[in-house]
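Numbering (our numbering), first residue to last: 942 to 1392.
Positions of the beta carbon are idealized from the N, C-alpha and C atoms, including for glycine.
Computed from a predicted model, the values in this text were never measured in an experiment.
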C-alpha cells in the first residue's frame, strides 16, 4: 500500500469519525478556545474564567474595550462569538441556554443533573466552558434562587460557580416562591437595613449579612447589656442577639421563619416590632447615659436625679470651690473641674462621655457591665475631698509670687516607698552634678504638676 492510499484512508477515517461526532453531539456549540474548552482548565485561564464569571454576575463587562488578555479572550470566544453579548445567540448555543433555563424551571434539583445533561449527547459540553453559561443564565433569571452546599445555604458568587463546576453533586438549588405578602416583607426589611437587591439572586443572603453586620457594629456595651438591663431583657431582643451572633445561619430559614417567630408571629407582619427593637439597640448607649449615668452623677453630687448636668455640676463646683482649691486632686477630678474652667455648656451626652473618659478611660459605648460599678466608685471619690480629716498635712508653695496652700494625707504604701527609693538613688547617682538647691527646685517643679 503506497503512502497516497494510506493518506486517503486516514482522511476517510477522520471524516467518518467527524460525522459520528456531529451526529452524536449535534447541538454542541462551537467555542474556539482550546485552553478553556476542555475538561480541566488550569493556570491563567482558570483565573480568567473566574474573573469573567464575576463580571457576568455583576454585569460589569465592557464589550467596547476588549483586548487580547486571557480574560478578554474568554469573553470574545464564549460571549461575543456566540452572540450572547448582543442577544443574537446562534442556534446551537440557544439550545444550551434553553436547557440551563429548563433546569432552573424546576422547584429544586441537584446541579449534577444539569452537568450530566450538558456533557452528554446531544450537547457534549466540556466542563471548562459551563461556568460561563451557568453564570449568564443565573444573572438573567427572574426568580430568586437559594443554593445549598450539602445542607448549608451559600451566597451566589464566582467562587461558588467554580466550586459547583468542581463538585456539582454537592450542590443543589431551590427556587423561591414569591407572594405579594412575602415581597412586601422583603422590601421593608431591605429598607430597614439599607440593603440593595441589585444583582442579588439570593435576597435572603443579602438581608442576613446586612443584619449581622448591623449587629456587629453595635457598641460593645449595648451587646453586653442585652439580658441584663431591663430595657433589653425581652425575648425578641435576646433571641435576635443569639441568631445574629451565630455563624451557622441558613439565611432563607432565618428570614422567612426564625425572624417572625422571634416576635411570636406566624405572618410577616413584624416590621414595626423589629424596627422598635433596632431603634432600642441603636439608641441604648444614649438612653443609658442620659438616664442611668446622669442620675448616678446627680445623686453623688446631691442634686435631683433629673437636673440638667450642666447646672448641677456648675453649682456643685461653685459651692465647693474653696475646699477643692486646697486639695491635691487625682487626675480624673482635675480634668472634671477643668471642664467648667470656662463658661462652657455641653450637650449632656457629650458631657457624660467626657466625665466617663476622665474617670475610667472609656467612653460609654466602650463600657462593659463591670464598668458601671467602677465608674460609680471612682466618681464618688470626689466627695472625699470635702471631708476635713484630722491630721492632714499642709504644704505652702510660693510660685511666681503666688502663694499655693495644699492639704493632703500622708497615705504611703509599698509602691510609694519604691518610688521614694528610686528618686533618692537617682539623686545619689548624679552626686555633685546637682546642688541641693537644684534638687529642691527640681522637686518643686515636679510637685507643681500635681497641685
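Secondary structure note for residue 1253: it is in no beta strand (DSSP E), and the uninterrupted alpha helix (DSSP H) holding it is 1250–1260. Listed in chain order, the alpha helix (DSSP H) elements of length 4 or more contained wholly in the stretch 983–1034 are 984–999, 1011–1016. Shown here, residue 1086 sits in a strand according to DSSP, grouped into three states. Counting the other CB atoms within 10 Å of its CB gives residue 1226 a total of 16 or more, which places it among the buried residues. Looking at the backbone, the Cα of residue 1305 and that of residue 1075 are separated by about 51 Å. Secondary structure note for residue 1093: its beta strand (DSSP E) is the uninterrupted segment 1093–1095. Taking C-beta atoms under 8 Å as the contact rule, residue 1249 and residue 1277 fail to qualify, at a distance of about 17 Å. Judged by DSSP in its simplified three-state form, residue 1050 adopts strand.
Taking 8 Å as the upper bound for CB-CB distance, residue 1242 and residue 1254 are in contact here, some 7 Å apart. Under DSSP, residue 1112 shares a beta bridge with 1090.
Distances from the alpha-carbon of residue 1040 to those of 1280, 1008, 1077 put 1077 closest. The Cβ atoms of residue 1113 and residue 1051 sit closer than 8 Å to each other. Taking the Cβ atoms as the reference, residue 1007 lies roughly 20 Å from residue 1069, outside the contact range of under 8 Å. From the listed residues 1259, 1297, 1271, 1269, the smallest Cα separation to residue 1281 is found for 1259. Excluding its 5 nearest sequence neighbours in each direction, residue 1168 has C-beta neighbours in its own chain below 7 Å: 1174, 1179, listed in chain order.
In its chain, beyond the 5 residues on either side, 1185 have a beta carbon closer than 7 Å to the beta carbon of residue 1153.
Straight across, the Cα-Cα distance linking residue 1034 with residue 1223 is about 52 Å. When the Cα atoms are used, residue 1263 and residue 1284 turn out to be separated by approximately 18 Å. Per DSSP, residue 1190 lies in no alpha helix (DSSP H) segment and is marked neither H nor E. Judged by DSSP secondary structure, residue 1179 falls within the alpha helix (DSSP H) whose first and last residues are 1176–1186.
For the 8 Å CB-CB criterion, residue 1014 and residue 974 form a contact. With the rule of 3 Cβ pairs closer than 8 Å, the stretch 1085–1093 does not count as touching the stretch 989–1003.
Residue state for residue 1343 is assigned as strand, using DSSP reduced to three classes. Counting of Cβ neighbours within 10 angstroms places residue 1370 among the exposed residues, the total staying below 16.
Here DSSP, grouped into helix, strand and coil, assigns residue 1170 to coil.
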